[in-house]
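Peer 1: Numbering (the working numbering), first residue to last: 1024 to 1287. Glycine included, every Cβ here is placed at the ideal spot set by N, Cα and C. Only a predicted model underlies this, so the values are computations on that prediction, with no experimental measurement involved. Below is a structure I'd like to ask you about.
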Ligand SMILES: Cc1cc2nc3c(=O)[nH]c(=O)nc-3n(C[C@H](O)[C@H](O)[C@H](O)COP(=O)(O)O)c2cc1C
């Protein structure tokens, strides 16, 4: 008896065509899936944009309140922010001005490299500041500051008491320093070191700065010094420079000098 011959499935023309159909179908499904997914993702991105903007604005307001020591989680940020007055400061004249028009708000002035201690290259002509009054007297003036750290530009707010000199608090609402190193600018224990510090020395020059190795509480200038961040000398230096710039002649110096003389 002869052995049955092993069957070899020779591809037929119709078999090759159905294999091609399979590949074609897979490609079509993949393509449709790609289009559907990209539509879903882009629709979500566009649709959620207003929500993201609203959250960003809420976070900015929360940080303004935190800097001034007015934030409490029991109340809505929007309600708390109702007691905050928004004013525009003309940095050149050092005075409050009426709300500038859209073009004027965009106006930027180049900072000569030798004076650009904060590393920001340009500054706006007008800056939005925040005022809190209590029974007719000035409780807080909250000013935006920003400047270069090690890896990022840090954006924050400093709140000063009505004397235009005593710090009520500091908060950063945007920064990209390394978590655990420069990122410790958001550490509540470090932020707690700020209230009560003073900005201007008796000669009227800004003196507040960070001190590497920690502040000696008995030192004559302890009121003008805050501990630098451990392992983040460069971020700390950036913050000292930012303070020097924003409280100096090109920043809020003229405005705060006027405030200290009782002119608001
Ligand atoms: C991965 C990495 C991330 C760092 N991030 C920061 C930072 O965010 N801010 C900073 O000042 N230094 C940072 N440093 C350290 C600096 O390179 C530098 O060594 C430090 O600022 C010196 O600070 P010290 O004199 O307090 O040690 C980082 C270093 C490494 C390796």
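Can you tell which of 1199, 1186, 1160 and 1163 has its C-alpha closest to the C-alpha of residue 1178?
Peer 2: Ranking 1199, 1186, 1160 and 1163 by Cα distance to residue 1178 puts 1199 first.
Peer 1: When the Cα of residue 1171 is compared with those of 1270, 1112, 1133 and 1260, which residue comes out closest?
Peer 2: The shortest Cα separation from residue 1171 among 1270, 1112, 1133 and 1260 belongs to 1260.
Peer 1: For residue 1024, does the three-state DSSP call read helix, strand or coil?
Peer 2: Annotation note: pLDDT 47 at residue 1024 (below 50); position unreliable, coordinate value reported separately. Residue state, collapsed to three classes: coil.
Peer 1: Give me, in chain order, the residues of the same chain whose beta-carbon lies closer than 8 Å to that of residue 1073; leave out the 5 immediate sequence neighbours on both sides.
Peer 2: Excluding residues within five positions, none has a Cβ falling inside 8 Å.
Peer 1: So the candidates are 1147, 1117 and 1142; which of them puts its Cα closest to the Cα of residue 1130?
Peer 2: Of the candidates 1147, 1117 and 1142, the one whose C-alpha sits nearest the C-alpha of residue 1130 is 1147.
Peer 1: Could you pull out every residue in the same chain whose Cβ sits closer than 8 Å to the Cβ of residue 1233, ignoring the five residues on either side in sequence?
Peer 2: The residues are 1248, 1249, 1250, 1251, 1252, 1259, 1260, 1262 and 1263.
Peer 1: Between which two residues does the beta strand (DSSP E) containing residue 1198 stretch?
Peer 2: Premise fails: residue 1198 is in no beta strand (DSSP E) and is neither H nor E.
Peer 1: Since residue 1144 and residue 1134 are thought to touch, with beta carbons under 8 Å apart, how far apart are those beta carbons, to the nearest angstrom?
Peer 2: At roughly 6 Å, the Cβ-Cβ gap stays under 8 Å, so residue 1144 and residue 1134 are in contact.
Peer 1: Residue 1266 and residue 1231: beta carbons closer than 8 Å?
Peer 2: Contact flag set, yes.
Peer 1: If I measure Cβ to Cβ from residue 1116 and keep anything under 6 Å in the same chain, skipping five residues before and after, which residues do I get?
Peer 2: There are no such residues.
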